[in-house]
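**Q**
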Amino acid sequence: MVDHRPRDTRDARRDARRESDPEAVLVIGLGRFGSALASTLDDLGRRVLGVERDPALIQQWSGVLPLVEADGRNPDALEQLGAREFRTVVVGIGTDLEASVLTTGNLVDMEIPQIWAKAITAEHGRILKRIGAHHVVYPEYDAGHRVAHLVSGRMLDYIEMEDGFTIVKMRPPQELHGFTLGQADVHKRYGVTVLGVKAPRRPFEYATAETRIDGEDLIVVSGDTTLLERFAARP
Numbered sequence: 001m002v003d004h005r006p007r008d009t010r011d012a013r014r015d016a017r018r019e020s021d022p023e024a025v026l027v028i029g030l031g032r033f034g035s036a037l038a039s040t041l042d043d044l045g046r047r048v049l050g051v052e053r054d055p056a057l058i059q060q061w062s063g064v065l066p067l068v069e070a071d072g073r074n075p076d077a078l079e080q081l082g083a084r085e086f087r088t089v090v091v092g093i094g095t096d097l098e099a100s101v102l103t104t105g106n107l108v109d110m111e112i113p114q115i116w117a118k119a120i121t122a123e124h125g126r127i128l129k130r131i132g133a134h135h136v137v138y139p140e141y142d143a144g145h146r147v148a149h150l151v152s153g154r155m156l157d158y159i160e161m162e163d164g165f166t167i168v169k170m171r172p173p174q175e176l177h178g179f180t181l182g183q184a185d186v187h188k189r190y191g192v193t194v195l196g197v198k199a200p201r202r203p204f205e206y207a208t209a210e211t212r213i214d215g216e217d218l219i220v221v222s223g224d225t226t227l228l229e230r231f232a233a234r235p
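In the UniProt record's numbering, the protein residues as written are 1 to 235.
(1) Looking at C-alpha atoms only, which residue of R202, L227, V25 is the closest neighbour of R87?
(2) Does the segment 115-135 touch the segment 185-194, meaning 3 or more C-beta pairs lie closer than 8 Å?
(3) Report the three-state DSSP secondary structure of E132 (helix, strand or coil).
(4) Could you tell me whether the segment 131-147 touches the segment 107-119, using the rule of 3 or more Cβ pairs below 8 Å?
(5) Can you say whether R202 is buried or exposed, counting buried as having 16 or more other CB atoms within 10 angstroms of its CB?
(6) Excluding the 5 residues flanking L97 on each side, which residues of the same chain have their C-beta closer than 7 Å to its C-beta?
(7) Cα separation between L57 and V91?
(8) For R234 and P173, I'd like the C-alpha separation in whole angstroms.
(9) What whole-angstrom Cβ distance do T211 and V197 have, given they're in contact under 8 Å?
(10) Let's see if you can read the secondary structure: which residues bound the beta strand (DSSP E) around I115?
(11) Which residue wins for smallest C-alpha separation from D54, given the options L37, I28, R46, V64?
(12) What did DSSP end up calling R189 once you bin it into helix, strand or coil?
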């Protein structure tokens, strides 16, 4: 008979189950996505508790992160580890569709305020949304989509917000070199807005009409995704 009761490691519940700490995050599933998320939160100083049912992963992360060995498919196990105390829970389970859906459903039944769930396909994501996940993320798709934009031009970083609005870090097109933003009239000519400039060995500067652009600068630009693509493709 399988014991579904949670087992603590590194005094996990003492460390991460705080007295109603609204910043604490419960991460269920410590595969590549969940472990990266949990360890980053831990590095940022956020209280985090990892939940995993695979003994091999428990052994791998024991002593590194506060952990509980438990099965999120079992609502009693979630109750025992104190899942209700967390305002934010991330379900990092991806390839096991049944475990992903059952775990998310249990959290919805517990009325967790913020449930983030990983999906590996559009159909998987629709199911998670339908049962009540507040946020569905597609790590593989999002990474591929972002990298495609980066390799297609001079963009160095790319953040797509919503409704076609994007922010990028990039090298400036050659036709801007040596001109101020007022002289180049970037917004009127290209339909995008330069938010700031980072010159070598100088601090970041919020852009004004008097800001001069040089070839070694990095610029942060916002605007419609299509217009930004055209702007970044200029020689």
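The beta-carbon is built from N, C-alpha and C at its ideal position, and this holds for glycine as well.
**A** Considering the structure as presented:
(1) Of the candidates R202, L227, V25, the one whose C-alpha sits nearest the C-alpha of R87 is V25.
(2) Verdict: no, contact absent.
(3) Here residue 132 turns out to be Gly, not Glu, going by the sequence shown. If DSSP states are grouped into helix, strand and coil, G132 belongs with coil.
(4) Result yes; three or more Cβ-Cβ pairs closer than 8 Å.
(5) Residue burial is scored here from C-beta neighbours: R202 has fewer than 16 other C-beta atoms within 10 angstroms and is therefore classed as exposed.
(6) These residues qualify, in order along the chain: H124.
(7) Spanning the two alpha carbons is a distance of roughly 16 Å.
(8) Straight-line Cα distance between these residues: approximately 6 Å.
(9) Sure, about 6 Å apart at Cβ, within 8 Å.
(10) Start and end: 114-118.
(11) When only C-alpha atoms are compared, the closest one is I28.
(12) Looking at R189 - three-state DSSP - the assignment turns out to be helix.
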